[in-house]
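K.L.:
For reference, the structure I am asking about is given below.
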Amino acid sequence: MKRYVVPPLGGFSRAGSLWTSRLKAVLHTLAYVFLFCGVANAEFRFPMPEFASGYEHPAVHTPIPSNAMVGWDVAVLIAALALASFLVLKRRKRREIFLLTMFSMIYFGFVRNGCVCSVGSVQNVMAGICDPAYGVPLTVLIFFAAPLIFALLFGRVFCAAVCPLGAIQEAVAIKPVKVPPAVEKVLSVFPYIYLGLAMLSVAMGSGFLICQYDPFVGVFRMGASFSMLIFGGIMLVLGIFVARPYCRFLCPYGVLLNWCSKLSRRHAVITPTDCIQCGLCADSCPYNAINEPTPAEAPEARSKGAWRLGVLILLLPVLTALGFGVGGLLKEPLSRLHPTVQLAERIAGEELGRYEGTNIESEAFRASDTPNEELYAEAVELKAGYGRGGRWLGAFIGLVIGCKLISVSILRKREGYEPDRGTCYSCGRCFKYCPVKE
Amino acid sequence: MKPEENRGRRNFVRGAAAVLIGGTVLSAGRNRSPKLVWQIDPEKCTQCGRCATHCVLAPSAVKCFHSYSICGYCDLCGGYLRPDAKGRNTGAENQLCPVGAIKRTYIEDPYYQYKIDEDLCIGCGICVKGCDVFGNGSLYLQVKHDLCVNCNECAIAHACPSDAFKRVPASEPYLLKSDLERRIS
Ligand code: SF4
Ligand code: SF4
Ligand code: SF4
Ligand code: SF4
Chain V
0 MKRYVVPPLG
10 GFSRAGSLWT
20 SRLKAVLHTL
30 AYVFLFCGVA
40 NAEFRFPMPE
50 FASGYEHPAV
60 HTPIPSNAMV
70 GWDVAVLIAA
80 LALASFLVLK
90 RRKRREIFLL
100 TMFSMIYFGF
110 VRNGCVCSVG
120 SVQNVMAGIC
130 DPAYGVPLTV
140 LIFFAAPLIF
150 ALLFGRVFCA
160 AVCPLGAIQE
170 AVAIKPVKVP
180 PAVEKVLSVF
190 PYIYLGLAML
200 SVAMGSGFLI
210 CQYDPFVGVF
220 RMGASFSMLI
230 FGGIMLVLGI
240 FVARPYCRFL
250 CPYGVLLNWC
260 SKLSRRHAVI
270 TPTDCIQCGL
280 CADSCPYNAI
290 NEPTPAEAPE
300 ARSKGAWRLG
310 VLILLLPVLT
320 ALGFGVGGLL
330 KEPLSRLHPT
340 VQLAERIAGE
350 ELGRYEGTNI
360 ESEAFRASDT
370 PNEELYAEAV
380 ELKAGYGRGG
390 RWLGAFIGLV
400 IGCKLISVSI
410 LRKREGYEPD
420 RGTCYSCGRC
430 FKYCPVKE
Chain W
0 MKPEENRGRR
10 NFVRGAAAVL
20 IGGTVLSAGR
30 NRSPKLVWQI
40 DPEKCTQCGR
50 CATHCVLAPS
60 AVKCFHSYSI
70 CGYCDLCGGY
80 LRPDAKGRNT
90 GAENQLCPVG
100 AIKRTYIEDP
110 YYQYKIDEDL
120 CIGCGICVKG
130 CDVFGNGSLY
140 LQVKHDLCVN
150 CNECAIAHAC
160 PSDAFKRVPA
170 SEPYLLKSDL
180 ERRIS
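Chains V and W supply the protein sequences, listed in that same order.
Under numbering that gives the first Met the number 0, think of the first position of the first sequence as 0, with each following residue one higher.
Under numbering that gives the first Met the number 0, think of the first position of the second sequence as 0, with each following residue one higher.
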């Protein structure tokens, strides 16, 4: 077997001066020629020995990723959704719904480790749309679309009994208290903000925010970073008293489910026949999702209401434009979410002597021999991108706030107590409170 | 508005929403993609130590791999012995690995085989650095796919300062440094 001259220690450089890279090219060619004679020793300080004793290398253990369950997961998802729809719309038994919820928590959460879930799949889909090089596997697409389609047909049956995140919160909601409806309304803007931020983050390539701040995945895997466990712990303790805090005030996928469920073809109903307006169910919902019937006499003159509505509709474009403007101003803080921008600011700070010493990121960057200017240029471009993205995010949030204002000021005609199609999780708590039986 | 009319309109909006969902899915799925898994590009990794600390699993799903076919089988192994080691024997005080996961066996004069005990290895990369600096670089970190739960976003990938994590097809889930390696799965 032929051996190559091994360059002395100092001459061996990974960065590669012209000399070494030329040498490497030559050696690579040679290596190719001798590939069949043995191992190419060219790049290594120490030649690979030839053993007289007939020693053979052990094999490297390269287990393949387990693929077996993927088809299963999709099947279980669809089956659970179908069963949940049946239980919510036909069987109408809270206990049975709850059993399915616990099954989902155990299967999708503890057995399958909570990944990939429908909530996170929004990001994969967004990445698939924005980045032509990123492919979304079929499983993830189904996890994204199936709950939405079911919501279009039957309401949020996914939240009722399939989502593992919802399920674990449902399991701890032992002593739910009522959140004042006004507070609920205000806090319900947060999921929209979170959704917008997460989408911006994916579009700018700074990672999957929803996964980074998933409060329960650490519980499902029984181990996670400290901050993740703290966040999850807070959510669970809070969840004892404020039922489903993540679902109501954070879950970005819930926004899409809410929209779809508003259009649902059928939806869970409190009473199997006609509401006799006894009001017994009114306090049974821990989610403020039961709407009262419209009072017999209008609380205010029609003209007054119409006037206010007109003002609010005019306010809508104003709020959107305001959001557009404010969002643009948020360029700097938003862009700091991106690791490249963080790194660029760190490096610039180090160059100016603003920081003492280096951190892991800046050391890794300096070891990579990329010129600082390249990094700065990239950061400037990213900041511009965040400027544009921030405007859209702001406009979106402005629009959402405007729409919420309009929706609270419209008085819809309701004959009896009804679940709010958007926010009802179809958990089934209210069913047994209704004295009317079929 | 008559209820009939109302229902017709609702049906229409619902249909439109379904089309929207379908369109989103089609546009996101236009790149037909195989299942992807996370892997470390050994050329980019700088052995910062975060692989040991940032995985959602404890101990980490990242382990040290050894490409035997590019190993020098050195007696004075940069990955095995501390630079300030008093002797070249297997005494714990001489070993670089904080958990003693590297097993050294004598083959023939002057060669030694180094094998990683993956049950012990925590993926800290200390030995990798030693081997990179003083040896052939035959030790390097890889995500072990019998352990990794394939998070939608790998927590280490997010923390990695060297951008060394990438998604690779599940059918080819390792980035081994040498093609000549014998593998068992
Ligand atoms: S609101 Fe979100 S987290 Fe809660 S059950 Fe529904 S999808 Fe799951
Ligand atoms: S986090 Fe990145 S640089 Fe650090 S050891 Fe892991 S792969 Fe290497
Ligand atoms: S030094 Fe770290 S990476 Fe190397 S074998 Fe030991 S635990 Fe594993
Ligand atoms: S994907 Fe998850 S389990 Fe696998 S290495 Fe990354 S953090 Fe660990």
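Cβ coordinates follow ideal geometry from the N, Cα and C atoms, glycine included.
Leaving out the 5 sequence neighbours to the left and right, which residues in its chain are closer than 6 Å to W:Y110 when beta-carbon positions are compared?
P.N.:
Here the question's residue 110 of chain W lines up with position 111 in the second sequence. Excluding sequence neighbours, W:Y110 sits near Y72.
K.L.:
Going by other Cβ atoms of all chains shown within 10 Å of its Cβ, with 16 needed for buried, is V:T422 buried or exposed?
P.N.:
Against the first sequence, residue 422 of chain V aligns to sequence position 423. Classification of V:T422: buried, given that the 10 Å Cβ count is 16 or more.
K.L.:
Excluding five sequence neighbours on each side, which residues of the same chain lie with their C-beta closer than 7 Å to the C-beta of W:V142?
P.N.:
Stepping through the second sequence from its first residue, residue 142 of chain W is reached at position 143. Result list for W:V142: W37, Q38, I39, A60 and V61, in chain order.
K.L.:
Three-state secondary structure (DSSP) at W:T52?
P.N.:
As a position in the second sequence, residue 52 of chain W is number 53, starting the count at 1. Residue state, collapsed to three classes: helix.
K.L.:
W:D116 and W:A100 look like a contact to me (Cβ under 8 Å); what is the Cβ gap, rounded to whole Å?
P.N.:
Position 117 of the second sequence, counted from the start, is the residue given in the question as residue 116 of chain W. Position 101 of the second sequence, counted from the start, is the residue given in the question as residue 100 of chain W. With a Cβ gap of about 5 Å, W:D116 and W:A100 count as contacting.
K.L.:
Tell me, to the nearest whole angstrom, how far the beta carbon of W:I106 is from that of V:S52; I am working on the premise that it is less than 8 Å.
P.N.:
Locating residue 106 of chain W in the second sequence gives position 107, where the first residue counts as 1. Locating residue 52 of chain V in the first sequence gives position 53, where the first residue counts as 1. That belief holds up - the Cβ atoms of W:I106 and V:S52 are roughly 7 Å apart, short of 8 Å.
K.L.:
Anything in chain A within Cβ reach of V:T61, meaning under 9 Å, just list it in chain order.
P.N.:
The chain inventory of the structure shown lacks chain A, comprising the protein chains V and W.
K.L.:
Whose C-beta lies closer than 6 Å to the C-beta of V:C433 among residues of the same chain, with five residues either side of it excluded?
P.N.:
As a position in the first sequence, residue 433 of chain V is number 434, starting the count at 1. Around V:C433: I269, T270 and C280.
K.L.:
Mind checking whether the beta-carbon of W:N149 lies closer than 8 Å to any heavy atom of ligand 4?
P.N.:
One-based indexing of the second sequence puts residue 149 of chain W at position 150. For ligand 4, at least one heavy atom lies less than 8 Å from the Cβ of W:N149.
K.L.:
I want to check one thing, is the minimum distance from the CB of W:C96 to the heavy atoms of ligand 3 below 8 Å?
P.N.:
On the second sequence, position 97 is the one that residue 96 of chain W refers to. Because some heavy atom of ligand 3 lies under 8 Å away, the Cβ of W:C96 counts as near it: yes.
K.L.:
Using the rule of at least 16 other Cβ atoms within 10 Å of the residue's Cβ for burial, across every protein chain shown, is W:R182 buried or exposed?
P.N.:
Taking the second sequence and counting its residues from 1, one reaches residue 182 of chain W at position 183. When all chains shown are included, W:R182 counts as exposed.
K.L.:
Out of curiosity, what's the CA-to-CA distance linking V:M439 and W:G124?
P.N.:
Outside the displayed span of chain V (0 to 437) sits residue 439 of chain V, for which this structure offers no information.
K.L.:
Buried or exposed: which applies to V:E373, given that a residue is buried once 16 or more other Cβ atoms fall within 10 Å of its Cβ?
P.N.:
For the purposes of this step, residue 373 of chain V is identified with residue 374 of the first sequence, where counting begins at 1. The residue in question, V:E373, is exposed, as its Cβ has fewer than 16 Cβ neighbours within 10 Å.
K.L.:
May I ask you to list, following chain order, the residues of the region 189–222 of chain V that have a beta carbon less than 8 Å from some beta carbon of chain W?
P.N.:
Residues passing the 8 Å Cβ filter: G206, F207, C210, Q211, V216, G217, R220 and G222.
K.L.:
On the DSSP bridge assignment, give the partners of V:N290 in chain order.
P.N.:
Counting from one through the first sequence, the residue named residue 290 of chain V turns up at place 291. Answer is V:E417, bridged to V:N290.
K.L.:
Classify W:K85: buried if its beta carbon has 16 or more other beta carbons within 10 angstroms, exposed otherwise.
P.N.:
Locating residue 85 of chain W in the second sequence gives position 86, counting from the first residue. Exposed: under 16 other Cβ atoms inside 10 Å.
K.L.:
With 9 Å as the C-beta to C-beta threshold (strictly closer), list the residues of the region 345–360 of chain V near chain W in chain order.
P.N.:
Within the region 345–360 of chain V, the qualifying residues are N358, I359 and E360.
K.L.:
Under 5 Å from any heavy atom of ligand 1, by CB: list those residues in chain order, please.
P.N.:
Chain-ordered list of matching residues: V:C158, V:C162, V:L164, V:G165, V:C246, V:C250, V:Y252 and V:G253.
K.L.:
Check distances from the C-beta atoms of the region 248–272 of chain V to those of chain W and list, in chain order, the residues that come in under 7 Å.
P.N.:
Under the 7 Å Cβ criterion, the region 248–272 of chain V contributes C259, L262 and R264.
K.L.:
Grouping DSSP H, G and I as helix and E and B as strand, with all else coil, what is W:S184?
P.N.:
By 1-based counting over the second sequence, the position of residue 184 of chain W is 185. Reduced to three states, the DSSP call for W:S184 is coil.
K.L.:
Under 8 Å: does the beta carbon of W:V142 sit that close to some heavy atom of ligand 4?
P.N.:
As a working note, residue 142 of chain W is residue 143 in the second sequence. Indeed, a heavy atom of ligand 4 lies less than 8 Å from the Cβ.
K.L.:
Would V:H56 pass as an interface residue toward chain W - the criterion being a Cβ-Cβ separation below 9 Å?
P.N.:
In the first sequence, the residue the question calls residue 56 of chain V occupies position 57. So yes, V:H56 belongs to the interface.
K.L.:
Classify W:K102 as helix, strand or coil using the three-state DSSP reduction.
P.N.:
Here residue 102 of chain W corresponds to residue number 103 of the second sequence, with the count starting at 1. Residue state, collapsed to three classes: strand.
K.L.:
Less than 8 Å between the CB of W:A156 and some heavy atom of ligand 4, yes or no?
P.N.:
For this step, residue 156 of chain W is matched to residue 157 along the second sequence. Indeed, a heavy atom of ligand 4 lies less than 8 Å from the Cβ.
K.L.:
Helix, strand or coil for V:L22, going by three-state DSSP, please let me know.
P.N.:
For the purposes of this step, residue 22 of chain V is taken as the residue at position 23 of the first sequence. Reliability of the predicted coordinates at V:L22 is poor, the pLDDT of 43 falling under 50, and no value is obtained from them.
K.L.:
Output yes or no for whether 9 Å exceeds the beta carbon distance between V:G384 and V:G326.
P.N.:
Translated into positions along the first sequence, residue 384 of chain V becomes position 385. Translated into positions along the first sequence, residue 326 of chain V becomes position 327. No, these two residues do not count as a Cβ contact at 9 Å.
K.L.:
Roughly how many angstroms separate the alpha carbons of V:A438 and V:C116, rounded to a whole number?
P.N.:
In the structure as shown, chain V starts at 0 and stops at 437, and residue 438 of chain V therefore has no counterpart that could be examined.
K.L.:
According to DSSP, is V:R335 part of a helix, a strand, or is it coil?
P.N.:
Within the first sequence, numbered from 1, the residue matching residue 335 of chain V stands at position 336. Of the three classes helix, strand and coil, the one that applies to V:R335 here is coil, per DSSP.
K.L.:
Quick one: residues in its chain with C-beta nearer than 6 Å to the C-beta of V:M125, no 5 flanking neighbours on either side, listed in chain order?
P.N.:
As a position in the first sequence, residue 125 of chain V is number 126, starting the count at 1. Excluding residues within five positions, the ones whose Cβ falls inside 6 Å are M198 and V201.
K.L.:
Residues of chain V with CB under 7 Å from W:I106, in chain order?
P.N.:
Residue 106 of chain W sits at position 107 when you count from the first residue of the second sequence. The answer, in chain order, is F50, S52 and Y54.
K.L.:
Could you spell out the range, first to last residue, of the alpha helix (DSSP H) harbouring V:P190?
P.N.:
The residue you call residue 190 of chain V lines up with position 191 of the first sequence. First-last of the alpha helix (DSSP H) with V:P190: F189 to A202.
K.L.:
Under the rule that 16 or more other beta-carbon atoms within 10 Å means buried, what is V:S447, buried or exposed?
P.N.:
Residue coverage of chain V in this structure runs from 0 to 437, which leaves residue 447 of chain V outside it and unanswerable.
K.L.:
Mind checking who W:F64 pairs with in its DSSP beta bridge?
P.N.:
The residue given as residue 64 of chain W occupies position 65 in the second sequence. In DSSP, W:F64 forms a bridge with W:Y139.
K.L.:
Is it true that the CB of W:Y113 sits closer than 9 Å to the CB of W:G78?
P.N.:
Locating residue 78 of chain W in the second sequence gives position 79, where the first residue counts as 1. Locating residue 113 of chain W in the second sequence gives position 114, where the first residue counts as 1. In contact: W:G78 and W:Y113 (Cβ atoms closer than 9 Å).
K.L.:
Leaving aside the five residues before and after V:Y424 along the sequence, list all residues of the same chain whose C-beta is less than 8 Å from its C-beta, in chain order.
P.N.:
Reading the first sequence from its first residue, position 425 is the one you call residue 424 of chain V. Answer for V:Y424: R155, C158, A159, G165, R243, C246, Y286 and A288, listed in chain order.
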